[in-house]
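Written out below as structure tokens is the structure these notes cover.
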Amino acid sequence: MGQNKAVDPELPLKGRRVVITRPRSQAQAFARQIENLGGEVVAAPTIEIVPPASYESLDRAIERIASYDWIIFTSVNGVKFLIGRMRDLGVSIALLGEKRIGAIGPQTARELAHHQISVGVVPREYRAEAIVDALAPREIRGQRILLPRAAKARDVLPAALRKGGAEVDVVEAYRAVPVPVSGELVAELRAGRVDAVTFTSSSTVEGFVAVFLPGQLSAWTARVCIACIGPITQAAAERAGLRVDVVAREYTAAGLAQALGEYFRRQAGR
Numbered sequence: 339m340g341q342n343k344a345v346d347p348e349l350p351l352k353g354r355r356v357v358i359t360r361p362r363s364q365a366q367a368f369a370r371q372i373e374n375l376g377g378e379v380v381a382a383p384t385i386e387i388v389p390p391a392s393y394e395s396l397d398r399a400i401e402r403i404a405s406y407d408w409i410i411f412t413s414v415n416g417v418k419f420l421i422g423r424m425r426d427l428g429v430s431i432a433l434l435g436e437k438r439i440g441a442i443g444p445q446t447a448r449e450l451a452h453h454q455i456s457v458g459v460v461p462r463e464y465r466a467e468a469i470v471d472a473l474a475p476r477e478i479r480g481q482r483i484l485l486p487r488a489a490k491a492r493d494v495l496p497a498a499l500r501k502g503g504a505e506v507d508v509v510e511a512y513r514a515v516p517v518p519v520s521g522e523l524v525a526e527l528r529a530g531r532v533d534a535v536t537f538t539s540s541s542t543v544e545g546f547v548a549v550f551l552p553g554q555l556s557a558w559t560a561r562v563c564i565a566c567i568g569p570i571t572q573a574a575a576e577r578a579g580l581r582v583d584v585v586a587r588e589y590t591a592a593g594l595a596q597a598l599g600e601y602f603r604r605q606a607g608r
């Protein structure tokens, strides 16, 4: 990290090897963005997105979908798994068009638009807490709200909605399960053959660090740029003992790629 390499302003990641820990099924666009900046992608998914342990709570929510005033999606995965399960059960997704819809950010909103579902609220800052700030108090109080999301997600959003007077159903729509980091990647990190490791969620951080014993991270992290998609992921990385060098200003994969390019431009100018 931080070696003085000549850099093409249009290809600031040229000659850089960038690890992507995002699930393989969702990493393609991010990988292209890194490659478009000249980087070499090292695919190392540390989580896999899988169905919920049980569909019971999700199915109950779908059965009473007409009773909700709002459905708030905090990820693309929440959209995919709710709609997929509705189709499995023979429930028309047109019912979602009758609800008020919130989305955590533009990627989630685009996934909803792909299914012809209009989004009423997308916060300026793409994290769960900001959704509450984007809603007027009158839009929360007395409302029934469905949150289809990952197992073990943070409680900040439902707590804030309930504090605002909403009745909130939190249902497990999917799980993020760890995928072991390969021994080959660990060896490359230790040998200094990796320039950056990127994280796009707290769960990608947790899956990554799980393979290392206490004290092993410090053996290579001083040489590697750690890049996070936003402050929540940054906090998870720092709790795990990683020094974070890059945090995207826009909390999207495209924003992370841009921030990483800017970082290496600055490094080359030193």
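In my numbering, the protein residues as written are 339 to 608. Positions of the beta carbon are idealized from the N, C-alpha and C atoms, including for glycine.
Is it the case that the Cβ atoms of residue i and residue j are separated by a distance below 8 Å?
| i | j | result |
| --- | --- | --- |
| K418 | E449 | yes |
| I372 | A595 | yes |
| D407 | R487 | no |
| A586 | A573 | no |
| I385 | P516 | yes |
| A367 | I358 | no |
| C563 | Y589 | no |
| V356 | D583 | no |
| V470 | A498 | yes |
| S456 | G435 | yes |
| S363 | I400 | no |
| L523 | A369 | no |
| P350 | G599 | yes |
| L484 | V509 | yes |
| G458 | R476 | no |
| A591 | I567 | yes |
Give the single residue among the options whose Cα lies nearest to the Cα of residue i.
| i | options | result |
| --- | --- | --- |
| F537 | P361, H453, R492 and E510 | P361 |
| M424 | I403, E600 and I564 | I403 |
| R513 | D471, D346 and P390 | P390 |
| Q554 | I478, S540, E401 and A578 | A578 |
| G503 | L485, R479, L523 and A497 | R479 |
| A472 | I442, T446 and R500 | I442 |
| L396 | E544, L420, Q445 and S541 | L420 |
State buried or exposed for residue i, treating a residue as buried only when at least 16 other CB atoms are found within 10 Å of its CB.
| i | result |
| --- | --- |
| N415 | buried |
| A511 | buried |
| G530 | exposed |
| D346 | exposed |
| A525 | exposed |
| K309 | Because the chain is modelled from 339 through 608, residue 309 falls outside the range shown and cannot be assessed. |
| L427 | exposed |
| L580 | buried |
| A447 | buried |
| L375 | buried |
In the DSSP assignment, what residue or residues form a beta bridge with residue i?
| i | result |
| --- | --- |
| W558 | The partner list for W558 (beta bridge, DSSP) is empty, contrary to what the question assumes. |
| Y393 | According to DSSP, which records beta bridges pairwise, Y393 is partnered with nothing at all. |
| A441 | F411 |
| Y512 | A488 |
| V380 | V357 |
| E544 | DSSP lists no partner for E544. |
| T536 | I358 and A565 |
| I385 | P516 |
Compute the beta-carbon to beta-carbon distance between residue i and residue j, rounded to the nearest angstrom, for a pair I have assumed lies under 8 Å.
| i | j | result |
| --- | --- | --- |
| G440 | I410 | 4 Å |
| A474 | V494 | Actually they do not touch by this definition, with Cβ atoms about 19 Å apart. |
| V296 | P518 | The requested residue 296 does not occur in the structure, where the chain is confined to residues 339 to 608. |
| T559 | S539 | Actually they are not in contact, since the Cβ atoms of T559 and S539 sit about 19 Å apart, beyond 8 Å. |
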